[in-house]
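*Asks:* What follows is a structure written as structure tokens; I'll ask about it next.
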Amino acid sequence: MVGLPARGKSCIAFKLARYLNWIGVKSKVFNVGMYRRDLVGVNMSSDYYSPENEEGVSSRTKVALHVVDELLRWLKEDPDAGVGILDATNTTRSRRKLMTERCAEQGVQIMFIESVLDMPEIEEKNIREHKIRCPDYQGCDADAAFRDFGHV
């Protein structure tokens, strides 16, 4: 998946996996955010996601590669595995190149699906209904979480 936060990537990923499983293609979603919470923790401020934060970039890259490796391991070890869906932003060319190279090393073809949302009212609804209720903002004031997410 490719797209900015709160643009519907996870929704698309899970619906796609559900459809593929329904037609008999075993599919699984690998959500990088869930792995990041397990590996790095929760309550990460928006600074963690800044492209200027070298430590954050390094940490996010390590987590993303870990998740890709989990996806590739699943494809290799499960004889019925058909489609692994990497649910992450993957917004930079360098990140997509890294993912493509990692998959190519294992002989796995990759396809990117981009989710674009250019309706601010739906984006705000997504943030308020989903993002600020995720474990990253547990215990935070909703308005403060909304601001931290990058909105004023």
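Numbering (the numbering used here), first residue to last: 59 to 210. The C-beta atom is built at its ideal place from N, Cα and C for all residues, glycine as well.
1. Short of 8 Å in beta carbon distance, which residues of its chain neighbour residue 95, apart from the five on each side in sequence? Order them along the chain.
2. For residue 143, report the span of its beta strand (DSSP E) as first-last.
3. With 16 as the cutoff for other CB atoms within 10 Å, does residue 101 come out buried or exposed?
4. Per DSSP, which one or two residues make a beta bridge with residue 86?
5. Looking only at its chain, what residues have a beta carbon closer than 7 Å to the beta carbon of residue 88, apart from the 5 residues adjacent to it on each side?
6. Residues in the same chain with beta-carbon distance under 7 Å from residue 79, minus the five sequence neighbours each way, listed in chain order, please.
7. Please list, in chain order, all residues of the same chain as residue 197 whose beta carbon is under 7 Å from its beta carbon, the five residues on each side excluded.
8. Quick one: using the 10 Å Cβ neighbour count with 16 as the cut-off for buried, is residue 116 buried or exposed?
9. Give me the Cα-Cα distance between residue 133 and residue 74, rounded to the nearest whole angstrom.
10. Taking Cβ positions, are residue 123 and residue 154 nearer each other than 8 Å?
11. For the alpha helix (DSSP H) containing residue 171, name the first residue and the last one.
12. Could you tell me the alpha carbon to alpha carbon distance between residue 97 and residue 176, rounded to whole angstroms?
13. Can you say whether residue 151 is buried or exposed, counting buried as having 16 or more other CB atoms within 10 angstroms of its CB?
*Replies:* The short version:
1. Translated into positions along the sequence shown, residue 95 becomes position 37. If we look at residue 95 and ignore the five residues flanking it on each side, its Cβ neighbours are 193 and 194.
2. As a working mapping, residue 143 is identified with position 85 in the sequence shown. It spans 139–145 - the beta strand (DSSP E) in which residue 143 sits, taken as one unbroken run.
3. For the purposes of this step, residue 101 is taken as residue 43 along the sequence shown, with counting starting at 1. Exposed.
4. In the sequence shown, the residue the question calls residue 86 occupies position 28. Looking at the DSSP assignment, residue 86 forms a beta bridge with 142.
5. If you number the sequence shown from 1, residue 88 lands on position 30. Correct list, in chain order: 125, 128, 129, 142, 143, 144 and 145.
6. On the sequence shown, residue 79 is found 21 positions in, with the first residue counted as 1. So the list reads 85, once near-sequence residues are dropped.
7. As a working mapping, residue 197 is identified with position 139 in the sequence shown. Cβ neighbours of residue 197 beyond the five flanking positions: none.
8. As a position in the sequence shown, residue 116 is number 58, starting the count at 1. The residue in question, residue 116, is exposed, as its Cβ has fewer than 16 Cβ neighbours within 10 Å.
9. Here residue 133 refers to the residue found at position 75 when the sequence shown is read from its first residue. Here residue 74 refers to the residue found at position 16 when the sequence shown is read from its first residue. Those two C-alpha atoms are separated by around 17 Å.
10. Mapped onto the sequence shown, residue 123 falls at position 65. Mapped onto the sequence shown, residue 154 falls at position 96. Contact flag unset, no.
11. Position 113 of the sequence shown, counted from the start, is the residue given in the question as residue 171. That residue, residue 171, is in no alpha helix (DSSP H); it is neither H nor E in DSSP.
12. Numbered from its first residue, the sequence shown carries residue 97 at position 39. Numbered from its first residue, the sequence shown carries residue 176 at position 118. About 32 Å.
13. By 1-based counting over the sequence shown, the position of residue 151 is 93. Looking at its Cβ environment, which holds fewer than 16 other Cβ atoms inside 10 Å, residue 151 is exposed.
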